[in-house]
Amino acid sequence: SLVVLFGATAGAYGAKLGSDERELILLVWQVVDLHSKKVGTLHKSLVKADNLDLSDQCREVSGLTPEGLGEAEPLDRVLQQFSQLVSSDLKVLGRSSYTLCSDGQLLIRQVLHPETSKKNFPLSDCFYSFYDLRKEFHTCYPSSAAVKDQTTKTMAEYLGLGTDETEEDFGVWQVKTMVAIIFSMLSENCNRIFTEPETVKYKYETGPCLLWLFSFFLCSSKSETVDSETVIRARGLPWQSSDQDIARFFKGLNIAKGGVALCLNAQGRRNGEALVRFVNSEQRDLALERHKHHMGSRYIEVYKATGEEFLKIAGGTSNEVAQFLSKENQVIIRMRGLPFTATQEDYPDGRPTGDAFVLFSCEEYAQNALKKHKEILGKRYIELFRSTAAEVQQVLNRYMSTPLIPTLPTPIIPVIPSPYTIATGSIRDCIRLRGLPYTAGIDDILEFMGDATADIKPHGVHMVLNQQGRPSGDAFIQMKSADKAFMVAQKCHKKMMKDRYVEVFQCSGEEMNFVLMGGTLNRSGLSPPPCKLPCLSPPAYAAFQTAAVIPAEAALYQPQALLPATRTPQASAAAPPTVTYYPAQAAQLYMNYTAYYPSPPVSPTTVGYPPATATHTPILPQPGALVRMQGLPYNTGMKEILSFFQGYQYAPDDYNGLIQLSDQARSVLQAPKEWVCL
């Protein structure tokens with residue numbers, strides 16, 4: 001038996017059903033006995049959504065109103081009634097089992113599964129297997145339109161059935177027509193129909209990428225490929241998200257085993273992105289329709305990705321890792337922040353990592369282990385996270401190849417004119433742009449500000465980059481006066497840039513500096529950066545009072561390699577002193593510990609490049625004057641570091657002009673003359 005099922009949401013209809021996250025408001029169904037060609041009672045049930053604000057399309061197509069839906073039952077109750085009524089109808093027809101049949105994939109995969117997952121109640125087993133009437137129809141009638149172009153109406157027209165939808169209530173006509181189509185298909189002796197139902201995976205299968213394991217054990221290489229038509233990139237994930245959380249976001253779609261690869265930044269921490277591999281291109285295309293759907297309060301961006309990108313994250317070449325990951329049905333927990341007591345022989349590169357991965361035999365044991373999150377081991381607290389095979393591979397690959405924090409190259413050249421400094425003080429002559437599209441560049445910001453670009457100070461545009469060197473969605477702009485900053489904030493606040501609205505706030509130079517050096521600025525005030533002193537490493541040039549720096553080899557790049565062509569061609573050879581971006585290759589030479597990287601500042605009409613013959617200027621007064629500390633507890637502050645080095649001499653005259661210090665920090669440094677300055 002089949003249960004022919006139709007549904008509608010409070011939003012989009014047809015090919016976009018479920019793409020806007022709107023809730024289900026209507027279910028219509030009828031039992032069909034394929035052997036006797038008898039049908040049960042046709043049932044129509046309204047569903048009370050949490051949000052009864054109906055879209056214009058929904059009102060027009062369905063004729064439903066918020067008042068009528070307000071008296072309906074919620075979804076969980078409607079699904080209980082569905083199961084009871086189907087069982088009753090089957091008993092009348094002398095049948096006991098059934099499979100759902102819907103017009104396409106969307107109702108089951110894009111509406112019912114995601115909504116019930118968000119509302120935390122389970123779907124019965126019948127919703128994990130169903131027939132797609134469009135596919136069955138095309139199997140029976142190969143000369144009909146392609147599956148993606150089919151609708152209930154086009155299938156009825158192909159068979160010459162009545163297509164006047166106004167004769168019946170919304171939903172009733174669709175189900176009756178689908179039943180008529182099924183009976184027509186049965187009369188054609190299509191023996192291949194209704195034999196292979198679509199399936200929805202009950203849960204995400206963890207484990208390594210099977211394709212990679214096969215390649216490793218047989219070929220000892222990553223020569224195998226992953227179909228690029230099956231991979232997406234999810235961006236904007238909460239940092240604590242696990243592979244199971246991502247699988248839940250894509251509930252209803254079939255992810256390949258080990259198909260969730262969480263991406264890590266250069267410090268080995270999750271960067272809010274993941275690559276997800278689906279079982280086929282059809283599932284991938286459905287996943288793309290969840291662009292900007294929500295995980296909790298955050299919306300997630302979903303883009304196409306390549307198989308090569310997936311293998312780069314999920315693949316590897318270590319036999320030890322392959323053996324570790326080959327164990328089936330086990331839960332991986334990552335320990336981070338372990339005491340650095342290992343010997344040199346314990347690690348291939350001679351450096352203890354502070355990381356460990358532990359396999360647990362079942363979910364229950366893993367959950368008990370996670371309860372020890374941030375408990376103390378020795379004198380340090382240990383962070384525990386659910387992990388994935390891809391994360392194991394990334395961390396081991398990184399530690400077994402190149403250091404996490406490369407040393408600074410010695411040849412450097414000035415990029416910003418030496419008289420230039422980042423503004424300080426409490427005058428609110430700056431603005432902060434928050435929520436910029438990730439693809440936005442300097443030109444987009446200048447276009448967004450319109451006529452107000454004339455009031456920007458020279459070198460006054462500061463794009464804030466994340467730890468991967470990509471735009472973070474924030475930017476700071478220095479205006480010529482507080483009045484100009486106020487006017488821009490009033491005029492541009494929540495103005496659209498591309499497909500996003502951008503928030504614009506007035507702030508001071510001090511607040512801008514604070515954020516650029518790793519602090520946060522919010523409604524409750526300033527939150528200090530992770531380290532009380534700015535870090536002495538480009539490209540966080542805000543830490544310097546002298547010129548920002550760039551490796552000498554960057555001067556060898558052609559200008560077009562450093563910065564895309566600008567839309568402001570009025571820049572001329574006679575323009576004021578120029579600045580440039582750090583190229584990606586140069587940015588990768590550095591590691592900073594602050595929360596954000598500011599890009600070099602830019603002027604609306606002065607975007608240029610340093611001459612290749614620029615004079616080299618040493619950043620440190622003498623070789624060996626800078627040391628790096630690894631393995632610091634996460635809550636370490638400036639005073640603890642200074643106490644650690646008590647008894648060593650430092651040269652304040654050499655460093656005072658190099659590091660930009662607050663008055664409080666300077667007073668601490670100047671008191672005990674024997675302390676070293678870092």
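Take the sequence shown: its position 409, counting from 1, is numbered 409 in full-length UniProt numbering, and each next residue is one higher.
For each residue, glycine too, the CB sits at the ideal point set by N, CA and C.
Sequence-distant residues of the same chain with beta carbon closer than 8 Å to residue i, five excluded per side
| i | result |
| --- | --- |
| Tyr202 | Tyr128 |
| Val172 | Val28, Leu42 and Lys44 |
| residue 704 | In the structure displayed, the chain extends from 1 to 678; residue 704 sits before or after that span and is not available. |
| Val3 | Trp29, Gln30, Val31, Val32, Val86, Tyr98, Thr99, Leu100, Cys101 and Cys126 |
| Phe324 | Phe357, Leu359 and Val392 |
| Glu167 | Trp173 |
| Lys498 | Pro437, Thr439, Ala440 and Asp444 |
| Phe170 | Ala8, Leu26, Val61, Ser62, Gly63 and Leu64 |
As assigned by DSSP and simplified to three states, the class of residue i
| i | result |
| --- | --- |
| Gly272 | strand |
| Asp20 | coil |
| Val111 | helix |
| Ile333 | strand |
| Asp355 | strand |
| Lys38 | strand |
| Asp76 | helix |
| Asp33 | strand |
| Ile181 | helix |
| Lys44 | strand |
| Ala145 | coil |
| Cys362 | coil |
| Phe6 | strand |
| residue 680 | Since the first and last residues shown for the chain are 1 and 678, residue 680 lies out of range. |
| Leu27 | strand |
| Ile431 | strand |
| Tyr13 | coil |
| Thr139 | helix |
| Leu52 | coil |
| Asp132 | strand |
| Tyr204 | coil |
| Leu436 | coil |
| Thr65 | coil |
| Ser102 | strand |
| Leu123 | coil |
Sequence-distant residues of the same chain with beta carbon closer than 7 Å to residue i, five excluded per side
| i | result |
| --- | --- |
| Phe130 | Thr99, Leu100, Cys101, Ser102, Ile108, Pro197 and Glu198 |
| Val488 | Ile431, Met449, Ala452, Met479 and Val504 |
| Thr225 | Gly307 |
| Leu85 | His43 |
| Ser387 | Ile332, Ile333, Arg334 and Phe357 |
Whole-angstrom distance between residue j and residue i, CA atom to CA atom
| i | j | result |
| --- | --- | --- |
| Tyr501 | Gly104 | 35 Å |
| Ser255 | Gln283 | According to the sequence as given, residue 255 is Ile; it is not Ser. Approximately 8 Å between the Cα atoms of the pair. |
| Glu383 | Glu60 | 53 Å |
| Pro414 | Gln394 | Residue placement at Pro414 is poorly supported in this model, since its pLDDT is 37, which falls under 50; the coordinates are not used for a value here. |
| residue 686 | Ile442 | Residue 686 lies beyond the residue range present for the chain, which begins at 1 and ends at 678; the question has no answer from this structure. |
| Ala261 | Glu23 | 30 Å |
| Val78 | Leu112 | 12 Å |
| Met295 | Ser643 | 44 Å |
| Asp245 | Ala440 | 29 Å |
| Lys48 | Ala12 | 17 Å |
| Gly70 | Asp50 | 9 Å |
| Thr636 | Arg269 | 19 Å |
| Gly7 | Ala266 | 46 Å |
| Ala274 | Arg233 | 6 Å |
| Ser143 | Tyr158 | 10 Å |
| Arg470 | Met463 | 10 Å |
Other residues of its chain near residue i: CB distance less than 6 Å, five sequence neighbours each side excluded
| i | result |
| --- | --- |
| Met512 | Cys430 and Phe476 |
| Ala180 | Leu161 |
| Phe137 | Met155 |
| Ser55 | Gly11 |
| Gly18 | Leu106, Gln110 and Val111 |
| Asp227 | Gly307 |
Cutoff 8 Å: residue i Cβ touching any chain D Cβ
| i | result |
| --- | --- |
| Phe249 | Absence of chain D from the displayed structure is noted, only one protein chain being present. |
How do the stretch 24-38 and the stretch 91-105 stand: do at least 3 beta-carbon pairs fall below 8 Å, yes or no?
-> Yes, since at least three Cβ pairs between the stretch 24-38 and the stretch 91-105 fall closer than 8 Å, the two stretches touch.
Which ranges does the alpha helix (DSSP H) cover as unbroken runs of at least 4 residues, wholly within the stretch 448-514, from first to last along the chain?
-> Within the stretch 448-514, the complete alpha helix (DSSP H) runs of at least 4 residues fall at 482-492.
Examine the Cβ distances between the stretch 140-156 and the stretch 114-123 and report whether three or more of them are shorter than 8 Å.
-> Touching, no, given that fewer than three Cβ pairs across the two stretches are closer than 8 Å.
Would you be able to state if there are at least three C-beta pairs under 8 Å between the stretch 231-239 and the stretch 189-198?
-> Put simply, the stretch 189-198 does not touch the stretch 231-239. Fewer than three CB pairs are less than 8 Å apart.
Give, in chain order, every unbroken run of the alpha helix (DSSP H) that is at least 4 residues long and sits entirely within the UniProt domain "RRM" (230-307).
-> Whole alpha helix (DSSP H) segments, 4+ residues: 243-249 and 281-288.
Three-pair Cβ contact test at 8 Å for the stretch 355-367 versus the stretch 278-297 | At 8 Å Cβ cutoff, the stretches do not touch.
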